[in-house]
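Peer 1: In this note's numbering, the protein residues as written are 732 to 1100.
Dropping the structure in here first, questions after.
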Amino acid sequence: MLDIDVAKQRAGTALEIRFESAGGVTALFGRSGAGKTSTVQMIAGLMRPDAGRIAINGRVLFDSHTGIDLAAPQRRVGVVFQEGRLFPHLTVRRNLLYAKAAGDNGRYGGVIAMLGLEGLLERKPATLSGGEQQRVAIGRALLSNPDILLMDEPLASLDAARKAEILPYIERLRDEAGPPIVYVSHQIDEVARLADRIVLLSDGSVAATGSVDEIFSRPDLMPLTGRFQAGAVLGARVAEQDVPGRMSRLAVPGGSLWVPSVPLPVGSAMRIRVRARDVSVALDKPDRISIRNTLPGTVVSVTESDGPFRTIAISVADETGESRIAATVTANAVRDLGLAPGVAVFALIKSVAMDRRSMALPPRDEIVT
């Protein structure tokens, strides 16, 4: 359990950060300058708060009232930065053994296997790709035996291919009962794929906390999360494979979605992000239409704004559960269709809108056939 309640005056901006993280992946999300990196630095002991308290599993790292301020090496906090920051003169093996000597936790073999580092051990950092360097950096942080792992935009310096390479390893770390992770990012695709919980920061304070789906589907938070980022993050399970058509059916609470072929076995769990801008609304179920996904639902809310667009929150429910799906439509459509809470509608979602960025998928070289 991470418990942080701190204040810091920073370059004209007053930071007041208060939240708890019980485990899994907690994402610090917000625009540049919101206070994400400063929060990580205060937890790690790289920046001193002006006041407050930081504790991990009841062990106090900082307390301005009692004068406790543990030095960074004493905090048992692993940090992964944007760049790997590996020792350039040491091999991968020696970089990892350096951290193991500090932590001495007997996990060396398991960490090597989990991060797929077996073939890299005798190489120098300069010969590694950006994604490989970050995997080594994660391994080094884990081998220091941390109580918590801080990841400060670890994919920011990587191109799309390298991001796709490393994301499954971070997921594996999350799913295999590793240490709690605080993950900093302003990229919604990363957060939607990895996080269990979001702490939304704005102008140096916590604007909201909650699940990924809750935060990104709340219309009142769209000024902070971005109107074009709005949507829903749904837990899904592969229900059917249409091999000839190269399509997969994903079961979600309240219905199912046909998407381009997902390279996972039937029964596999995953997440899928449905962007509000990819959802249309109809009052009647359309016939003879190319859109493959037509989900009956009920309007829950209509968000007003000064611009031409409105965001409709739609509840889709059946015996399997309920999902909340958002749709961005024009104000004229809201007026002409009489869209209001309680109105029965159909949410129309094009299968072609569900690309790899919308789904948590393995890298292409790990595709299951």
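Cβ coordinates follow ideal geometry from the N, Cα and C atoms, glycine included.
Would you list the one or two residues that DSSP bridges to T1034?
Peer 2: T1034 pairs with T1042.
Peer 1: Pick out the complete alpha helix (DSSP H) segments inside the stretch 892 to 978, 4 residues or longer, and give them in chain order.
Peer 2: If we require 4 residues or more, the alpha helix (DSSP H) runs fully inside the stretch 892 to 978 come out as 919 to 925, 943 to 948, 953 to 956.
Peer 1: Whose C-alpha, out of R790, V791, A758, L801, is nearest the C-alpha of M778?
Peer 2: Here the closest residue by C-alpha is L801.
Peer 1: Reducing DSSP to helix, strand and coil, say where M865 ends up.
Peer 2: Residue 865 is actually Gln in this sequence, not Met. Helix, per DSSP.
Peer 1: Report the start-end ranges of each beta strand (DSSP E) in the stretch 741 to 771 that is 3 residues or longer and not cut off at the edges.
Peer 2: Those beta strand (DSSP E) runs which fall completely within the stretch 741 to 771 and span 3+ residues are 744 to 752, 756 to 760.
Peer 1: Using the Cα positions of S860 and R893, report the straight-line distance between them to the nearest angstrom.
Peer 2: Cα to Cα, the separation comes out at about 8 Å.
Peer 1: Is it true that the CB of T1051 sits closer than 8 Å to the CB of P984?
Peer 2: Yes. Within cutoff.
Peer 1: When we look at the beta-carbon of T797 and count the other beta-carbons within 10 Å, is it buried (16 or more) or exposed?
Peer 2: T797 comes out exposed.
Peer 1: Buried or exposed: L1014, going by 16 or more other Cβ atoms within 10 Å of its Cβ?
Peer 2: By the 10 Å Cβ count, L1014 comes out exposed.
Peer 1: Return the first residue and the last residue of the alpha helix (DSSP H) that A844 is part of.
Peer 2: Its alpha helix (DSSP H) spans residues 839 to 845.
Peer 1: Alpha carbon to alpha carbon, what distance is there between E747 and G986?
Peer 2: Distance between the alpha carbons of G986 and E747: 41 Å.
Peer 1: Would you be able to state if there are at least three C-beta pairs under 8 Å between the stretch 921 to 935 and the stretch 784 to 799?
Peer 2: No, they do not touch.
Peer 1: So, with DSSP's three-state summary, where would you put R779?
Peer 2: R779: coil per DSSP, three-state reduction.
Peer 1: Helix, strand or coil for G985 per DSSP?
Peer 2: Looking at G985 - three-state DSSP - the assignment turns out to be coil, as it is neither helix nor strand.
Peer 1: Taking buried to mean at least 16 other C-beta atoms within 10 Å of its own C-beta, is V812 buried or exposed?
Peer 2: First, the residue type needs correcting, since residue 812 is Phe and not Val in the sequence shown. Result: buried.
Peer 1: Can you look up A1048 in the DSSP assignment and give me helix, strand or coil?
Peer 2: A1048 falls in the strand class under three-state DSSP.
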